[in-house]
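Accompanying notes for the structure given below.
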Amino acid sequence: MRVAVAVGPGGGGLLCPLGDDGMPTGPAEEVADLAKAIAARERAQAPRWIWAATTRLYPPLLAAGVRVARCHDLELVESLLLAYQGRYGEPRSVRAALARLTGSPVPADPVAVPADAQPTLFDDLSDVPADPADTPPPGGAEPGGRGDAVRGRVGAGGGGPAGGLGAAEELAAVLAVYREQARRMAATEHADRLPLLAAAESAGGLVAAEMRHGGLPWRAEVHDALISDLLGPRPGPGMRPRKLQVLADRISAEFGRPVNPDSPAQLTKAFAAAGFSVPSTRAHVLREVDHPAVPALLEYKELVRLWTAHGWSWLDAWAERDGRFRPEYVVGGVVSGRWASNGGGALQIPKVLRRAVVADPGWKLVVADAAQLEPRVLAALAGDRAFASAAAHGDLYAALAHVFEQAGGPRAPAPHGTQDGGSRGGRDKAKIALLSAMYGGGTGDAVQLLGVLRQRFPQAYGYVEAAARDGEAGRLVRSRLGRTCPPPSPGWRDLVSGERGAAAMRSRGRFTRNFVVQATAAEWALALLATIRTHLADPAAVVFFQHDEVIVHTPAAAAEEVAGTIRAAAEEAGRLLFGRTQVVFPMEIAIVDCYADAK
DNA sequence: AACGGCAGCGCC
DNA sequence: AAAGGGCGCTGCCGTT
200 MRVAVAVGPG GGGLLCPLGD DGMPTGPAEE VADLAKAIAA RERAQAPRWI
250 WAATTRLYPP LLAAGVRVAR CHDLELVESL LLAYQGRYGE PRSVRAALAR
300 LTGSPVPADP VAVPADAQPT LFDDLSDVPA DPADTPPPGG AEPGGRGDAV
350 RGRVGAGGGG PAGGLGAAEE LAAVLAVYRE QARRMAATEH ADRLPLLAAA
400 ESAGGLVAAE MRHGGLPWRA EVHDALISDL LGPRPGPGMR PRKLQVLADR
450 ISAEFGRPVN PDSPAQLTKA FAAAGFSVPS TRAHVLREVD HPAVPALLEY
500 KELVRLWTAH GWSWLDAWAE RDGRFRPEYV VGGVVSGRWA SNGGGALQIP
550 KVLRRAVVAD PGWKLVVADA AQLEPRVLAA LAGDRAFASA AAHGDLYAAL
600 AHVFEQAGGP RAPAPHGTQD GGSRGGRDKA KIALLSAMYG GGTGDAVQLL
650 GVLRQRFPQA YGYVEAAARD GEAGRLVRSR LGRTCPPPSP GWRDLVSGER
700 GAAAMRSRGR FTRNFVVQAT AAEWALALLA TIRTHLADPA AVVFFQHDEV
750 IVHTPAAAAE EVAGTIRAAA EEAGRLLFGR TQVVFPMEIA IVDCYADAK
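Counting in our numbering, the first sequence runs from 200 upward without gaps.
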């Protein structure tokens, strides 16, 4: 069962049931309260909702207390299909897709509206004024500030009517573009896979909106205590926290002159004056420099990072009064299909701050992490029997180390008594070899290990090698379900034939080599997330997702059950992508009160 | 004063 | 121990 949706003015809209062929089975129904109508149909039929963009449609539904199980997000799918066709970065809105279909001028995508300007009602495109002067920017933004974003959104309309689409036009566009997308998916050599990817991506859009709506539990007072302890009390405006000032003074004293530790240029000069020529002032470089300012400098770097990225201004901006952190997630924001985030650095929460992520009283956090996801994905992708059987159990790296040691013969005997079948050092080497194969590295020890990898696991090795060769030749590569890497940049072919062409060629090879694994891992994670979401019993909710890790916030009594749901979802994700495979995707799961207590 | 590139470092 | 892939965010610094 499928129902197409279009948004009208004043919270109303149009609903149109579709048959299996994607054609309407009857006339569209005009409804005065779209949220209410969708809620009723969701209860009765739980259809797949066909709509223009989850980012526009779903937040107001959530605000009205309405959740849906499934959708087809035309905008996200348009991106996937354009990429599949090698047409990266073209406008992906429904209006643009329709314009391509009808041969009319293609409007540029609207500039993203600021994250804090979320609509409280349905904003259909016809509500966007033709003249920005009609609408004062939210929050009374100063000229040249947020107002420009609003202007850009309207002005980007191109050939369409100035005010965008009315409900009837939007519905017509949704129907036409949906049918066209189905046709394009069916026409690919991955006709059975792209629809899976489309469904997973669309489900991702739903979870992303729900995660933003629900928020990650965040205890501002814990965060504050933590940074106050490390940095000293909150300083006045324009002042450094006390501990940073102490360190800065000590650094200057050790150099014998004032040095701004925030300035790489000043630091380089100061080191030069002291007789140390440093190529950069990165921490790992400075660690090797024998100068008395170094220890204070390293400590300063660590703390200043915490202060600037996650200090009190972060708390002011992001820790909401109801004890939640609500970042904006951007589904498919990374070309590999990983998510990006907008504001708050949601996908870069430092480990020390995980202390501030605490379950509500009577609730638990179920923190689940896919163990060694990318190498397992490679094993399943390549269909390498030997590699897959190494990945058929718990510790993949240990299993590989075992194989390596056998390959090495008497020269590298394994110490006895280790329970995982290989020495610690062997395991680390296996890990390095594998990461080198997937990332395109291969210096030092890794060269030799890569040779072993190639002999013992020719298909797995060959799989990433082939992806690298494709990239070096300027060709496209795809994930398991058909997500496609960008073509080389316009100047790339000239660059490659030029003087320093080899470097550019290898660089693209490393990118495509990694792409096939990273993008397939990302879609495995998407399938995991979607499956978890559909099997989660009501008050429990996914509150965080980061590449290969998911956190569910649940009433304590249901925590064990949630853990089971997650394990089952991991198996299901493997089946969805790879069918029958002996590769397993084990999850490391911790049931905790505080994120910092996981693993 | 505003903008963009870069350095540096946090996460996977 | 670092390197190899992907990001976001901040402050510095040169340019406009």
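Beta carbons are placed, not taken as given, at the ideal position from N, Cα and C, and that holds for glycine. Note that the structure is a prediction, hence the values are computed from the model and not measured.
By the criterion of at least three beta-carbon pairs nearer than 8 Å, the stretch 216–228 is not in contact with the stretch 254–265. Bounds of any beta strand (DSSP E) do not take in isoleucine 548, whose DSSP letter is neither H nor E. The Cβ-Cβ distance between arginine 433 and tryptophan 511 falls below 7 Å. With respect to the C-alpha of lysine 235, the residue from Leu552, Lys628, Lys630 and Val206 having the closest C-alpha is Val206. Between the beta-carbon of aspartate 272 and that of alanine 252 there is about 6 Å, and that keeps the pair under the 8 Å contact cut. Assignment of beta-bridge partners to threonine 753 by DSSP yields Lys563. In this structure alanine 385 is exposed. Its beta-carbon is surrounded by fewer than 16 other beta-carbon atoms within 10 angstroms. In the displayed model, tryptophan 517 falls within a helix according to three-state DSSP. In this structure, valine 202 and arginine 240 form a Cβ contact; the two beta carbons are roughly 6 Å apart against a cut-off of 8 Å. Residue nearest to alanine 424 within the set Ala399, Arg554 and Ala789 is Arg554 (criterion: CA-CA distance). If you check the CB distance, arginine 707 and glycine 661 do not come in under 7 Å. Taking the Cβ atoms as the reference, leucine 725 lies roughly 5 Å from glycine 403, within the contact range of under 8 Å. Fully contained in the stretch 219–268 are the following beta strand (DSSP E) runs of length 3 or more, in chain order: 228–230 and 247–250. Comparing alpha carbon positions, the residue from Lys563, Ile731 and Thr254 closest to alanine 408 is Thr254. If the five residues before and after leucine 775 are omitted, its C-beta is found closer than 6 Å to the C-beta atoms of Ala726, all from its own chain and listed in chain order.
Here the stretch 412–427 makes contact with the stretch 550–569; the two share three or more CB pairs at distances below 8 Å.
Straight-line spacing of the CA atoms in valine 565 and histidine 752 works out to 6 Å.
In this structure, DSSP gives valine 534 a state outside helix and strand, which the three-state scheme calls coil.
For phenylalanine 744, the uninterrupted beta strand (DSSP E) segment begins and ends at 740–744. Taking all protein chains shown into account, threonine 711 has 16 or more neighbouring C-beta atoms within 10 Å of its C-beta and is therefore buried.
As for any alpha helix (DSSP H) of minimum length 4 sitting wholly inside the stretch 660–704, the runs are 691–696, ordered along the chain.
In the structure shown, arginine 525 adopts coil according to DSSP, grouped into three states.
For aspartate 747, the number of other beta carbons within 10 angstroms of its own is at least 16, and it is reported as buried. Under the 8 Å Cβ criterion, the stretch 526–533 does not count as touching the stretch 485–505, having fewer than three qualifying pairs. A contact is defined here as three or more CB-CB pairs under 8 Å, and the stretch 370–378 meets this definition with respect to the stretch 291–311.
For alanine 797, there is no enclosing alpha helix (DSSP H), since its DSSP letter is neither H nor E. Per the C-alpha coordinates, the member of Val406, Pro306, Arg674 and Thr683 positioned closest to arginine 392 is Thr683.
For the 7 Å CB-CB criterion, alanine 579 and threonine 780 form a contact. Short of 6 Å from the beta carbon of phenylalanine 743, and not among the five residues preceding or following it, lie these beta carbons of its own chain, in chain order: Leu415 and Ile750.
Counted as a single uninterrupted DSSP element, the alpha helix (DSSP H) harbouring leucine 430 occupies residues 419–430. For glutamate 787, the enclosing beta strand (DSSP E) begins and ends at 786–791. A straight-line Cα-Cα distance of about 12 Å links serine 401 and valine 267.
For phenylalanine 656 and alanine 585, the gap between their C-alpha atoms comes out near 6 Å. By a beta-carbon distance limit of 8 Å, leucine 256 contacts valine 204. Their separation comes to about 7 Å.
Residues Phe470 of the same chain have their beta carbon placed closer than 8 Å to that of serine 476, with the five preceding and five following residues left out of the count. When DSSP states are grouped into helix, strand and coil, serine 451 belongs to the helix group.
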